[in-house]
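*Asks:* Just passing along the structure, written as structure tokens.
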Amino acid sequence: MARTPQDPQIRITEILDTAEQLFSDKGYRGTTISDIAKTMGTAQGMLYYYFKSKEEILEALINRQ
432 MARTPQDPQI RITEILDTAE QLFSDKGYRG TTISDIAKTM GTAQGMLYYY FKSKEEILEA
492 LINRQ
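Here's what the structure looks like:
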């Protein structure tokens, strides 16, 4: 079954929320892109569609209002 496309901003928010929780629980170094994807129930490629790296996710979290 094909997935329903989501608004990109909703998906970005989901990624950042998940990453923030994992960074808090496991630490930045202890969290991988794979961990974020598994927690979200999605493929790593989807995360790379929105963010080039884990560092870019961290930067987005720091700059999030």
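Sequence positions in the sequence shown follow the numbering used here and run 432 to 496.
Cβ coordinates follow ideal geometry from the N, Cα and C atoms, glycine included.
Can you look up Gln452 in the DSSP assignment and give me helix, strand or coil?
*Replies:* helix
*Asks:* Using the C-alpha atoms, what's the distance from Gly461 back to Phe454?
*Replies:* 8 Å
*Asks:* Can you give the beta carbon distance from Thr449 to Ile467, rounded, assuming they're within the 8 Å contact cut?
*Replies:* Taking C-beta atoms under 8 Å as the contact rule, Thr449 and Ile467 qualify, at a distance of about 5 Å.
*Asks:* Do Leu489 and Tyr459 count as a contact pair if the criterion is CB distance below 8 Å?
*Replies:* yes
*Asks:* For Glu486, tell me which candidate among Ile441, Ile464, Asp456 and Lys457 has the shortest Cα-Cα distance.
*Replies:* Selected option, being the one with the closest Cα: Ile464.
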